[in-house]
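Residue numbers (the numbering used here): 784 to 1207.
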Ligand code: ADP
């Protein structure tokens, strides 16, 4: 930046000097010419009285008056050398200093010529240019110094961002960069960078938590499987004992499969690939199909499922995810509702599609409501002990609804029941 600043400044200074030199030179030349011309007119007006000319304050000039190419008057200093008679005015250098010569022809009071020479013109242009040549490098150095300071000031936060960025890695999220006081673009940059660091940190924390949760959830069935195998292989056993043992292992393997399937489903779709998975779906048919799947579970607990409202709805959506939403919510309603109670569902459409499921189950404590859609969160392991689950159902529902651009509202009262409202 400094190099370009210096180059551009030098270029502009040189251009300015050249323009200034020509302007000043022209200006001074024409002012000398005008002065000499005025003197020539004065001499012409007083030519009849040569004495008057002699006594006038023209000492600084060399003057000659010609009549028919004969000198009729010349002052002491005048000599004819180097006179170019064809040029009326010119400035010439005699080696040490500048001279200006003006030849003025006239007719009145007789045809003649006046040659008037001014020697030792102060070379004002050269003097000014000399001064500028001394001052300008000083000015240039001063400007470069100031620009350097300014650039340093501007680049300081950028240097600090670079340093922090270099030191930041997945294991080490350094704290944020101090924000500059002035609210300018740099402050915005630092703010954005700090926000990015915070977002990354939250993301990494989430991944860490997720890894811990997954490992923990998979560890339990794996430990059971390992224990079962060890105990079974301890000594020779009856065939029926082997069968029983294999059944336990099969159940636990099924648990692992369910967890892995759920996790895969959560990561399979994203906002960017969602549109490609859309197909025309009949929403009420999907709901009825899922309800049918749960008829056995409903019968076992003698729970009545009432369909309050069921509209025919056709829309473009991801069929697998719609099925997942309905099945997880109906599954929860059945799981967390005691025997002989009721579940109510409604499906209707206005400007959006609404699915509401209300149960008369154990409900969710108010303070836990905000966590229940987190992955692997279960309200209370002790109350859930007999009820199977991994805490993934509601997080899958929330994700699926949001991937469809919708929202999920859960309202619950402990001991009274839960209402889940899906809006897409
Ligand atoms: P899971 O049911 O496998 O434990 P979910 O993510 O579906 O996981 O639910 C998270 C937690 O929210 C459950 O452990 C349960 O405590 C609570 N919950 C969900 N739905 C209901 C409901 N209808 N009634 C009472 N509690 C519920």
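Virtual Cβ for every residue (Gly too), placed ideally from N, Cα, C.
My output table needs one value for residue i: the three-state DSSP class, helix, strand or coil.
i, result
"residue 959", "coil"
"residue 983", "helix"
"residue 943", "helix"
"residue 992", "helix"
"residue 1023", "helix"
"residue 857", "strand"
"residue 844", "strand"
"residue 1125", "strand"
"residue 1088", "strand"
"residue 1145", "coil"
"residue 1075", "helix"
"residue 1152", "coil"
"residue 928", "helix"
In chain order, what residues of the same chain lie with their CB nearer than 7 Å to the CB of residue i, ignoring the 5 residues before and after it?
i, result
"residue 830", "848, 892"
"residue 1060", "1052, 1101"
"residue 963", "940, 969, 970, 973"
"residue 993", "1158"
Assuming residue i and residue j are in contact, meaning their beta carbons sit under 8 Å apart, how far apart are those beta carbons, in whole angstroms?
i, j, result
"residue 1074", "residue 1106", "Not a contact, Cβ separation roughly 11 Å."
"residue 1088", "residue 1128", "7 Å"
"residue 1039", "residue 1066", "With a Cβ gap of about 32 Å, residue 1039 and residue 1066 do not count as contacting."
"residue 827", "residue 889", "5 Å"
"residue 785", "residue 931", "6 Å"
"residue 844", "residue 896", "Between residue 896 and residue 844 the Cβ distance is about 15 Å, and since that is not below 8 Å, they are no contact."
"residue 980", "residue 951", "7 Å"
"residue 874", "residue 819", "Actually they do not touch by this definition, with Cβ atoms about 10 Å apart."
"residue 1112", "residue 1140", "5 Å"
"residue 1174", "residue 1160", "5 Å"
State the Cα-Cα distance for the pair residue i and residue j, rounded to the nearest angstrom.
i, j, result
"residue 796", "residue 812", "24 Å"
"residue 1155", "residue 1125", "22 Å"
"residue 1122", "residue 1198", "14 Å"
"residue 817", "residue 884", "12 Å"
"residue 882", "residue 876", "6 Å"
"residue 959", "residue 995", "27 Å"
"residue 1081", "residue 1120", "10 Å"
"residue 1130", "residue 1163", "30 Å"
"residue 920", "residue 798", "14 Å"
"residue 1006", "residue 937", "59 Å"
"residue 887", "residue 903", "20 Å"
"residue 866", "residue 910", "27 Å"
"residue 1182", "residue 1207", "12 Å"
"residue 1116", "residue 1205", "14 Å"
"residue 806", "residue 815", "14 Å"
"residue 1148", "residue 1196", "7 Å"
"residue 825", "residue 808", "26 Å"
"residue 1025", "residue 1076", "32 Å"
Which same chain residues, not among the five before or five after residue i, have their C-beta less than 6 Å away from its C-beta?
i, result
"residue 856", "833, 848"
"residue 1170", "1118"
"residue 1194", "1202"
"residue 1151", "1162"
"residue 872", "816, 885"
Can you tell me where the alpha helix (DSSP H) with residue i in it begins and where it stops?
i, result
"residue 1206", "Looking at the DSSP string, residue 1206 is not in any alpha helix (DSSP H); the run it does join, the beta strand (DSSP E), is 1200–1206."
"residue 1183", "1176–1186"
"residue 797", "785–828"
"residue 884", "First-last for residue 884: 881–889, but that is the beta strand (DSSP E), not the alpha helix (DSSP H)."
"residue 1118", "1102–1118"
"residue 1055", "1054–1057"
So residue i is in the beta strand (DSSP E); what residue range does that whole segment cover?
i, result
"residue 895", "895–904"
"residue 1063", "1062–1065"
"residue 872", "872–876"
"residue 1193", "1190–1196"
"residue 837", "That residue, residue 837, is in no beta strand (DSSP E); its alpha helix (DSSP H) goes 833–838."
Taking 8 Å as the cut-off, is the C-beta of residue i nearer than that to any heavy atom in the ligand COA?
i, result
"residue 1161", "For the ligand COA, the structure offers nothing, since it holds only the ligand ADP."
Go through its chain and collect everything with a Cβ distance to residue i's Cβ below 8 Å, but skip five positions before and after it.
i, result
"residue 1011", "1028, 1031, 1032, 1035"
"residue 1063", "1097, 1098, 1099"
"residue 851", "894, 895"
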